[in-house]
Amino acid sequence: MLRRNLLIVIGLSTLSFLLGTGTTPISDSDEAFYAQAGREMVEDGDWLTPHYNGDYRFEKPILFYWLTALGYLLVGVTEAAARAPSGLAGVLLALVTYACARRWFDENTGLLAGIITGTSFGYVAVARQALPDLVLAFFITISVWSGLVVFAGPRMPSRSTKRRLWILLCGTGIAAGFLTKGPVGIVLPFIIVGPLAIARCYYDAKSLRVRRWLPFRQLLLDGSLLCIVCLTLSLPWYAAMTAHHGPAYLDRFFMAENFQRFATDRYNAPRPFWYYLPIVFGGLLPWSPLLLLLGPYFRRIIAGSRGLAPVELWLGTWVLAPLAFYSASVGKQPRYILPILPPLAILIARTTSHALHTRSSLGLQRLLTTTSCIAGVVLILFGVLIFRAQILFPAADPTAVHLAATLTGVSGLGLLATAILPLGRLLTASFALASITATLSVHLLVFSNSQATPVEVMADWLNRPTLKALSYGRYQVFVRNLVFYTGRPHVDLVSEQQVKAFLKSEEQVLCIITESAAQRLIESKSEIYELGRLNYLNLGQLTIGTLLWPDPVRDLQTVLLITNRPPPPELLR
0 MLRRNLLIVI
10 GLSTLSFLLG
20 TGTTPISDSD
30 EAFYAQAGRE
40 MVEDGDWLTP
50 HYNGDYRFEK
60 PILFYWLTAL
70 GYLLVGVTEA
80 AARAPSGLAG
90 VLLALVTYAC
100 ARRWFDENTG
110 LLAGIITGTS
120 FGYVAVARQA
130 LPDLVLAFFI
140 TISVWSGLVV
150 FAGPRMPSRS
160 TKRRLWILLC
170 GTGIAAGFLT
180 KGPVGIVLPF
190 IIVGPLAIAR
200 CYYDAKSLRV
210 RRWLPFRQLL
220 LDGSLLCIVC
230 LTLSLPWYAA
240 MTAHHGPAYL
250 DRFFMAENFQ
260 RFATDRYNAP
270 RPFWYYLPIV
280 FGGLLPWSPL
290 LLLLGPYFRR
300 IIAGSRGLAP
310 VELWLGTWVL
320 APLAFYSASV
330 GKQPRYILPI
340 LPPLAILIAR
350 TTSHALHTRS
360 SLGLQRLLTT
370 TSCIAGVVLI
380 LFGVLIFRAQ
390 ILFPAADPTA
400 VHLAATLTGV
410 SGLGLLATAI
420 LPLGRLLTAS
430 FALASITATL
440 SVHLLVFSNS
450 QATPVEVMAD
460 WLNRPTLKAL
470 SYGRYQVFVR
480 NLVFYTGRPH
490 VDLVSEQQVK
500 AFLKSEEQVL
510 CIITESAAQR
520 LIESKSEIYE
530 LGRLNYLNLG
540 QLTIGTLLWP
550 DPVRDLQTVL
560 LITNRPPPPE
570 LLR
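Note that numbering that gives the first Met the number 0 has the sequence shown beginning at 0, numbered continuously upward.
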């Protein structure tokens, strides 16, 4: 049973997170920073300081860059290698969620929790990008789970090897999180486990007739060992960076990239306090309607007819503490909230497994049917959105887009039929199959292209023998990902004044610019010459609004390659 379930979780999560990750180009988003910085690390041999476009990149710590660079060393510089750390972290996260739920509840709950984690839309979307957020979620999940076991769970002998191994695992997870995205790797485990550990000490102290300080003494000793492990693993790199770059690094990383990103709108526009609630619902699709199954349990707890089990308290804290922390932040991004999805997956798995495998009430059975039907309808609507959005993918094969929309809609119909008909035993499999069908249809049939993508075409133009020696800049388009495909640095242009000054250079230069910006340059009497143009949809900027109201005029960009000197006819040959 154990081996079979492990293979199921590994197989499903591998399909979701790793299959076909190299079929789409690096997007013009944050993933380009990590993909290119890992490449420059391999090429320059500087394994201490990340670089992007030849400049220092102090924004994030080192671990994800190391993982990306290691992938390049093993299999070469490719999109799949850049995204491999995220995808593998997703597979490991599904396994950890399975192990956690299995330990705290039972085999059925563990299997379902692992499947939910391995097939949820939010995790799939991030796993298929070269971003550190899923790696961070994995390390936080490891540290929180092990921390709860050793600090909030039943007491182990103070000198037992098992206790020390759990502390070692917790400290390693915190250190790795600290090296992946900074202080948040420490803060989240602390605000989740800390209060529960203190509450456990008070509970144990009340049960002792004498020496009531012993639980707190043990907590202090365990905490000290935890700190030693964490600091031993994480501080050497920070110390080396400080010694090499001086206080400027500490100020840029800790103050600007962490404190100001959390407390000010310098990097992200302010968003409402409730911003993450729909993000969580969307991230757990197609499973998120099953969250409604928690309603009857909450009602009985509030009414006093049912107590709150310790594990349920741990999971609730695991969800609410990070949610409150991130909701209080001024700067919010959808992927920040990923660490709360594993405990939600366990809660969903527990209630769903109870409804499927026990003689639950008729009301709970009806609620399960209703929520499953909602999930099926959502998938059908998603298929309709894919069909409507085909106008945004002019390079994609229309037949492939129609097939993706059809497969997604059919998977929703299958889930709907499984929920309505007396096929409850197949419900979990139907959910998983529908999720994998929808996600793979989108990524392999809609997003992937058999021909060169716009950013690859532009890079090919820039690397033609007649243009390769010319300096190039880019403005408002291909801002982050073009350097990954050209393999040579660009001039960073952030305003039209800088573009005009760049084009006034005495030597011939190239500039990548949008059609609208080029038109404004012409109106201002700037002398420019067009060398080529193409249409471009930035997949990194796709939103649900884009799918709901697709507009090629608004969403597709016409990108121009221009120069400041009259080009000879053979320039692009």
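Backbone N, C-alpha and C fix where the C-beta goes; we use that ideal spot for every residue, glycine too.
Query - Where S85 falls, given that 16 or more other Cβ within 10 Å makes a residue buried - result: Buried, because 16 or more other Cβ atoms sit within 10 Å of the Cβ of S85.
Query - Rounded separation between S371 and S360 - CA only - result: One alpha carbon belongs to S371, the other to S360, and they sit about 17 Å apart.
Query - Same chain, Cβ closer than 8 Å to P188, five either side skipped, listed in chain order - result: I139, S142, V143, G146, C169, G172, I173, G176.
Query raised in the report: Per the contact definition of three or more C-beta pairs closer than 8 Å, is the region 49 to 68 in contact with the region 517 to 526?
Result: Segments in contact, no.
Query raised in the report: Looking only at C-alpha atoms, which of A151, D203, S352 sits nearest to A196?
Result: Checked all of A151, D203, S352; the closest Cα to A196 is A151.
**Report entry** I419 - DSSP class collapsed to helix/strand/coil
**Finding:** I419: helix per DSSP, three-state reduction.
Query raised in the report: Is there at least one non-hydrogen atom of the ligand HEM closer than 7 Å to the beta-carbon of Q389?
Result: By its list of ligands, the structure shown contains no ligand whatsoever, and the ligand HEM lies outside what it can speak to.
Query raised in the report: Quick one, are the C-beta atoms of A68 and A129 less than 8 Å apart?
Result: No, these two residues do not count as a Cβ contact at 8 Å.
Query raised in the report: Should the region 320 to 331 be called in touch with the region 101 to 109, which here means at least 3 C-beta pairs below 8 Å?
Result: These segments do not touch.
Query raised in the report: Over what stretch of residues does the alpha helix (DSSP H) that includes N107 continue unbroken?
Result: N107: member of the alpha helix (DSSP H) spanning 106 to 118, first to last residue.
Query raised in the report: Can you tell me whether F324 is buried or exposed, with buried defined as 16 or more other CB within 10 angstroms of its CB?
Result: When all chains shown are included, F324 counts as buried.
Query raised in the report: Would a C-beta distance cut-off of 8 Å place L412 and I379 closer than the cut-off?
Result: One thing to note: L412 has its Cβ within 8 Å of the Cβ of I379.
Query raised in the report: Thinking C-beta only, is L538 closer than 8 Å to S595?
Result: Because the chain is modelled from 0 through 572, residue 595 falls outside the range shown and cannot be assessed.
Report task. Could you have a look at T554 and say whether DSSP puts it in helix, strand or coil? Result -> The question names Thr, but residue 554 in the sequence shown is Asp. DSSP, reduced to helix, strand and coil, places D554 within a helical segment of the structure shown.
Query raised in the report: Between the region 418 to 438 and the region 110 to 119, do at least 3 Cβ pairs fall closer than 8 Å?
Result: A contact exists between the region 418 to 438 and the region 110 to 119.
Query raised in the report: Looking at C-alpha atoms only, which residue of V95, L466, P285, F477 is the closest neighbour of N534?
Result: Nearest Cα to N534 within the set V95, L466, P285, F477: F477.
Query - Contact the region 301 to 313 vs the region 281 to 288: 3+ CB pairs below 8 Å - result: Flag = no, the region 301 to 313 and the region 281 to 288 do not touch.
Requested in this report: Name the residue from I300, I347, R334 whose alpha carbon lies nearest to the alpha carbon of L292.
Outcome: Among I300, I347, R334, the Cα nearest to that of L292 is on I347.
**Report entry** Bounding residues of the alpha helix (DSSP H) (the contiguous stretch that carries G193)
**Finding:** Looking at the DSSP string, the run of the alpha helix (DSSP H) that includes G193 is 183 to 205.
Requested in this report: Verify whether the separation of the beta carbon atoms of H356 and N4 is less than 8 Å.
Outcome: Result no, Cβ atoms of H356 and N4 do not sit closer than 8 Å.
**Report entry** Between the CA atoms of W317 and Y296 - distance to the nearest angstrom
**Finding:** The straight-line gap from Cα to Cα measures roughly 18 Å.
Report task. Could you name the residues of the same chain whose beta carbon sits closer than 8 Å to that of I345, not counting the 5 residues immediately before and after it, in chain order? Result -> Sequence-distant Cβ neighbours of I345 in its own chain, meaning closer than 8 Å and more than five residues away, are T96, C99, A100, W103, F104, T108, A112, L314.
Query - Environment of V493 [buried if 16+ CB atoms lie within 10 Å] - result: Result: exposed.
Query raised in the report: Should the region 399 to 415 be called in touch with the region 458 to 465, which here means at least 3 C-beta pairs below 8 Å?
Result: With a cut-off of 8 Å on Cβ pairs, the region 399 to 415 is not in contact with the region 458 to 465, counting fewer than three such pairs.
Query raised in the report: D573 by DSSP, collapsed to three states: which one?
Result: Because the chain here runs from 0 to 572, residue 573 falls outside it and cannot be looked at.
Query raised in the report: Which class does R473 belong to by DSSP, given the choice of helix, strand or coil?
Result: The three-state reading of DSSP puts R473 in strand, counting E and B together.
Requested in this report: Give the DSSP-derived three-state secondary structure of E529 in the structure shown.
Outcome: In the structure shown, E529 sits in a strand (DSSP, three-state: E or B).
Query raised in the report: What number of angstroms, rounded off, separates the C-alpha of T241 from the C-alpha of R82?
Result: Just so you know, the alpha carbons of T241 and R82 end up roughly 29 Å apart.
Query - Rounded distance between the beta-carbons of L444 and L18, thought under 8 Å - result: Incorrect: roughly 13 Å between the Cβ atoms, too far for contact.
Query raised in the report: Apart from the five residues just before and just after G75, which ones in its own chain have a Cβ nearer than 7 Å to its Cβ?
Result: Exclusion of the five residues before and after G75 leaves no residue of its chain whose Cβ lies closer than 7 Å to its Cβ.
Query raised in the report: Looking at the structure shown, is T22 part of a helix, part of a strand, or coil, going by DSSP?
Result: DSSP places T22 outside both helix and strand once states are collapsed to three, so it counts as coil.
Query - Exposed unless 16 or more other CB atoms sit within 10 angstroms - verdict on P49 - result: Taking every protein chain shown into account, the CB of P49 has 16 or more other CB atoms within 10 angstroms, so this residue is buried.
Query - Close beta carbons around A262, own chain, < 7 Å, minus the five adjacent residues each side - result: Taken in chain order, the residues that qualify are V329.
Requested in this report: Return the residue from the list L220, P131, A136 that minimises the CA-CA distance to V149.
Outcome: Checked all of L220, P131, A136; the closest Cα to V149 is L220.
**Report entry** Residues sharing a beta bridge with N534, DSSP
**Finding:** N534 pairs with T557.
Query raised in the report: Quick one: what does DSSP say P464 is sitting in, helix, strand or coil?
Result: Under the three-state reduction of DSSP output, P464 falls in the coil class, being neither helix nor strand.
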